[in-house]
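In what follows, a structure is listed as structure tokens, so that the remarks can point back to it.
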Amino acid sequence: MKGLLLLALSTLFCWVSADIRCHSCYKVPVLGCVDRQSCLLEPNQQCLTTNVYLGKMWVFSNLRCGTPEEPCREAFNQTNHKLGLTYNTTCCRKDSCNSANPRPTSAVALVLTSLAGLGLWLLH
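Shown next as structure tokens:
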């Protein structure tokens, strides 16, 4: 009887844990998540969050599900020297673990982010 109960509980746990959802959006200052969705995590993959900074100022974040083609690879302080941007990517594997809550942003940061975006657009 204990074996049957254990089997039933483990089957239920596997069924419940199979449906892990991640947040999926581009998060920008003031607006928060743009194009907010959720994605169903594929087996053996992780949710990921990539935060992009210009110096110490947060510019935007990309939240999504990892895929076999683009799996999550944690990385800290990866720098694009041409654009002066720094990327930090974190991975997690729990339901909604890559939070989509907007970051608080000051008015000065908003102006600087806008100028940085304009500069990047002009470089492109």
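Counting with mature numbering (1 follows the signal peptide of the UniProt record, and there is no 0), you get residues -18 to -1, 1 to 106 for the letters of the sequence shown.
Each residue gets a CB set at the ideal place from its N, CA and C atoms; glycine is no exception.
Keep in mind the model is a prediction, meaning the values are calculated, not measured.
Just to confirm my understanding: we take I2, look at its own chain, exclude 5 residues before and 5 after, and list those with CB closer than 8 Å. What are they? L22, L23, C29, R75, K76 and D77
Put residue 119 into one of helix, strand or coil per three-state DSSP. What is shown of the chain runs -18 to 106, which leaves residue 119 out entirely.
Would you kindly check if the distance between the Cβ of T72 and the Cβ of E56 is under 8 Å? yes
To the nearest angstrom, report how far apart P53 and Q27 are at their CA atoms. 6 Å
Rounded C-alpha distance that separates F58 from Y35: 11 Å
Taking the Cβ atom as the reference point for each residue, do C4 and N70 lie within a distance shorter than 8 Å? no
With DSSP run on the structure shown, which of helix, strand or coil describes C7? strand
I'd like to confirm the pairing. Which residues does DSSP put opposite V12 in its beta bridges? BP columns for V12 are empty, so no partner.
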